Amino acid sequence: MKATTCLLALAALGVWACDFNITDPNSPGPIGTDPSRADVADHVIGVILAARSDAADWNLDAGILGREAYRFDGSDPRFISEFLNGPLDPGGGAFGGDHWIEEYNAILSANQLLDVIGTATRLTAAEQNGTRGVVETLKAYEFVMVLMGHAEDSIPVDVDLPIGAPPAPLVSNDSAFTFVSSLLDAADAHLAAGGTALPFALPAGFTGFADVAGYRKFNRALKAAVEVYRGSLGCAACYTTAKTLLESGATFIDTSATANLAAGVYFDYSTNPGDAPNPLFQNPQTGENFVNPRIKDSAETKPTTGLDDRFTSKTVPRPITTTENLTSDVGWIRYPATTAQIPFIKNEELILLRAEANNALALPVLAANDVNYIRVTSGGLAPIAGLAAQTQAQILGAILHERMYSLLYEGHRWFDLRRTGRLGPYLKDRATDAVFPTLPIPLDEVLARK
Amino acid sequence: MWRILATATLGWQPVATDRQTLRFTFTGGLDNFTQRNDIFSPPELQFEPNDGQPGTVVLGKTQNTNVNALGNAVYTLTPASRAYRATTSLGVQYFDKSLNFTNLVGRNLPPGQINIDQATSIAVNQDLQPIRDLAIFGQEEVLGLDERLLLTVGARGERTSRNGNVKRFFLYPKAAASYRFPALGGSAGDELKLRAAWGQTGNQPNFGNKFTPSATGTIGGLFGSSAGFTAGAANIRPERQTELEGGADATLANGRLNVNLTGYTRTVSDLILVQTPAPSSGRAASVFNGGRLRGRGIEVAAGYVVTQTPTVSWLVHATFTKTTSKVLALPVPAFQVGGFGTSLGAFQVEVGKSATQIVGNDSLGNVVQVGDGTPDFQLSLANDLTYRRFGLSFLWDWKHGGDVINLTELLFDLFRNSEDWATGGRQRRALFFKGETQPYVQDASYLKLREATLSYHLPASAVHQMFGDRVRNATVSLSGRNLIRITKFRGIDPEVSNFGNQAIARNIDVAPFPPSRSIFFSIDLDF
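Respectively, the protein sequence lines represent chains S and E. Here the first sequence is numbered in our numbering, starting from 523 and rising by one per residue. Here the second sequence is numbered in our numbering, starting from 15 and rising by one per residue.
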């Protein structure tokens, strides 16, 4: 009897003493103060991963909205009903309300690291600055992604807030672009104080840009793009800033004899464990994603024979398919493998950005040179004779035409047409269609502010 | 699937007199459950995704071990006058659960290969859920007034590793009273019992509610960790449910009729909610305690012995339930849970509204309520008939009202092959394209023959002949589930929940796997 009592008492005591403090066995928590070098490296890569999560989806959705692509999806009609016909549903996280939370999640990831990087005693001051510069640049890029999709002057910028705090105030797109521009400058200043090597490795898509000097060229290239965007949205002085950046050797723009137009910074994909395959890769003959036939219709013919090299290298004929009065017989090979990279920014874009800045600054000869360089080098087309003598608007039209083929299926077309005021009913494939100037602010964002 | 269940009970009664007893009981239990899933989808199959990785093999293994230990002491006291009997119980309960789920998905298989080792790309997923709970409880029960009055008061303190503060005991008191009127109306078998109870209980947080996990992955062979989409609440605490219940149980007509009437109102405070914060915070979900939800309901149950003779018996049992809910307070703006966006119907948690309201768009793009998942009422009717050696039992379920978001029909309508395309589908589709959600939020009332069993007790001689002396009784039976369904709902099944067992976002139908109709033939032997 005594033994039983003792057993009971012991059992009760043993249970009492059990450690109830169970930590999350499935995943690391948010980064804490004084992170190790490995923590810092993991979280830098984490920001790139978070940024990558929306890259392909944006290219597809902006491609549909900008009339580069169709998606005839047997299980979700909204790629046609919503994106081409409307209305855009701000409550649909994968459609009208998309391209927002993924970007802000990447920005949150960046902010979490930026908040503690100053406490990282195991990094030198220069290494801390290098990390800041790298992360701030990625953060700025994510804000650009938000701005490319949303034109409603309701952009939260000051979002480094604890959970449960009132949502960040909304600012106009113009203020947000100014913010992004200064953030890129702040990042560049941090990189300038960042020594020579970065305290972490970057993925293969950053080859050539993985040290401080190289990464600064990526930063300055993004800044040039942002300044051209701002220019087209009304900031005349911004074109000068862009021109200066693109002509000072600060970026990786290259039109020399050995130039590689594809040189740039890319997101990597793979089928390795934990990694993601490029979702835009599909069997081009049977996949759900199609090329909008207007891309084929407006492709120019080469002086030799055949269509624009950029068109023939990124698309392929496929059996004609009709759904909902939409027809296409062209498939995508822009991303021809599960490992195909998606660009952040590349040399070919920088050359066309320079053309755009020069054209806006009334330097048509310089602009025409770059346009024709791209036409010949990238498209295998003939130069446009007398382009420099055309009007500024005509030259801009030529630049946008080249951008369409040089940056095909890379998420630019819709934003290019919007920022230059060229969206219009002419883009409709069916009379009942609508051409949208912006994605709506997501319903959850609106509800959270009520 | 393998399952091992084991229990051991140790009892000790040091005091056992006419007037007092004291008894200690210790119970230990173990439940170990292992499940393995193997899925093989060869590369040739048409439904393999067009992702450049033909062929899929899935190898899943789940192991769950529950350990339960309960120790309690019960003391009863009956005074010499025998005016009452008091029972005092005290106890400690410990519960330890560890769930280990692993899943391997191999893609891109060479033709003919089924071994996951042969897959070109392998994704691995593991989920661990260790849980520890501890509860102490005490209760005092007094039975008096000639066993007519029963009074109970008690309290339970609970702590769990799932709470933010793992050391704190949360206390839940309860009290109940009932009074019997025996031999009602002069008939010995009839009686009426009135009862009332008030009590609090705690709903523990789910495992992981307190954690804010990072999202992890690799890119180019480099490991990365970024902010996860869900923010946990480091200070999460249990929901507290306060219930007030009153009712009456009556046995009438010489014990042939049994009626139970219950009405209750239940308020849950400190709700554990998963709110959708402003997405510009970078989070899609944030867990927190807050708000109050009220549920009210009535339940009527009645059983009647229609006839009972040595050869024939017929028992009928019916239950009627009706519940309503209302969100009384919410410390955050209204938010949506579940669904695929407002245009396709979504559940929205909003102050002053039913917790299961469904909202959608109207043709002007306004967000309006278009339905409610909670039914108006539910009625079930069970019948038990025996005739000599034959038995027949069947259960009908009737649900009236309660809406389902029928996206299966939307898919059929979109591709113009719904059954009623010409008479209804065309109009529904046209309304949907005008932005209206309503056509696809549909009434899911139904009447179902849930279960039916026909059985036959073998005569003793036949049992003896077949099984010898060892078997005392033998019954053969044929039973079926989900045999008849009468509904106007045009989706796969009105009881569907595409996303499993959800508190709120249940009633969504997107071409799911329907409830199966099953037929069993069984032989029961008594040794």
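Glycine residues also receive a C-beta, built at the ideal position from the N, C-alpha and C atoms. Please read these numbers as outputs of a predicted model, since none were measured by experiment.
Where does Pro-721/S land, buried or exposed, given buried means 16+ other C-beta within 10 angstroms? buried
Give the DSSP bridge partners of Thr-70/E, in chain order. Ser-55/E and Arg-121/E
Give the interface partners of Trp-622/S over in chain E, defined as CB-CB distance under 7 Å, in chain order. Pro-293
Is the closest heavy atom of the ligand COA to the C-beta of Phe-61/E under 6 Å? Judged by which ligands are present, the structure shown has none, so any question about the ligand COA falls away.
Could you spell out where the beta strand (DSSP E) holding Glu-313/E opens and where it closes? 306 to 322
Mind checking who Phe-38/E pairs with in its DSSP beta bridge? Trp-26/E and Ala-87/E
Please classify Gln-218/E as buried or exposed, where buried requires at least 16 neighbouring CB atoms within 10 angstroms. buried
Quick one: is Thr-356/E buried, meaning 16 or more other Cβ sit within 10 Å of its Cβ, or exposed? buried
Straight-line Cα distance separating Thr-31/E from Ala-94/E: 12 Å
Should the region 108 to 128 of chain E be called in touch with the region 71 to 83 of chain E, which here means at least 3 C-beta pairs below 8 Å? yes
From this set, Pro-612/S, Thr-545/S, Ala-785/S and Leu-645/S, which residue's C-alpha is nearest Glu-674/S's C-alpha? Pro-612/S
If you draw a straight line from the alpha carbon of Leu-475/S to that of Arg-654/S, how long is it in whole angstroms? What the structure shows of chain S is the stretch from 523 to 972, and residue 475/S is not part of that stretch, so it cannot be assessed.
6 Å Cβ shell around Leu-271/E - same chain, five flanking residues per side excluded: Tyr-318
Which residues DSSP lists as bridging Glu-62/E, in chain order: Answer is none; Glu-62/E lacks a bridge partner.
CB of Val-351/E within 7 Å of CB of Gln-452/E, strictly: no
For Thr-942/S, three-class secondary structure by DSSP: coil
Does the distance from the CB of Leu-307/E to the CB of Leu-287/E come in under 7 Å? no
For chain E, find out if any of its Cβ atoms is closer than 7 Å to the Cβ of Gln-634/S; answer yes or no. yes
In the DSSP assignment, the beta strand (DSSP E) including Ser-850/S goes from what residue to what residue? 848 to 854
Looking at the secondary structure, which residues open and close the alpha helix (DSSP H) in which Val-679/S lies? Element bounds for Val-679/S: n/a, residue is neither H nor E.
Beta-carbon of Thr-793/S versus every beta-carbon of chain E: anything under 7 Å? yes
Per DSSP, cross-strand counterpart(s) of Val-382/E: Gly-374/E
Of all Cβ atoms in chain S, is any one closer than 7 Å to the Cβ of Asp-556/E? Residue 556/E is absent from the model: chain E starts at 15 and stops at 541.
Express the C-alpha separation of Glu-658/S and Gly-551/S in angstroms, rounding to a whole number. 22 Å
In terms of residues, what are the limits of the alpha helix (DSSP H) holding Val-288/E? It is not in any alpha helix (DSSP H) - Val-288/E instead sits in the beta strand (DSSP E) that spans 286 to 289.
Do you know offhand how far Phe-225/E's Cα is from Ala-247/E's? 7 Å
Opposing strand residues paired with Glu-257/E [DSSP bridges]: Gly-213/E and Arg-280/E
In chain S, what lies closer than 7 Å to Gly-152/E by C-beta? Chain S residues near Gly-152/E: none, gap ~14 Å exceeds 7 Å.
Contacting residues, own chain, Cβ-Cβ under 6 Å from Glu-172/E (five flanking each side not counted): Ala-149, Phe-184 and Gly-216
Would you call the CB atoms of Ala-882/S and Gly-753/S closer than 7 Å? yes
Using a cut-off of 8 Å between C-beta atoms, extract the partners of Asn-122/E located in chain S. Thr-793
Kindly indicate which three-state DSSP category His-1/E falls into: helix, strand or coil? What the structure shows of chain E is the stretch from 15 to 541, and residue 1/E is not part of that stretch, so it cannot be assessed.
Are the region 500 to 513 of chain E and the region 407 to 427 of chain E touching, with three or more C-beta to C-beta distances below 8 Å? yes
Whose Cβ in chain E lies nearer than 9 Å to the Cβ of Phe-812/S? Chain E residues near Phe-812/S: none, gap ~13 Å exceeds 9 Å.
For Arg-952/S, which three-state DSSP category applies? coil
Cβ separation of Asn-847/S and Arg-952/S, assumed to be a contact under 8 Å, to the nearest whole Å: 5 Å
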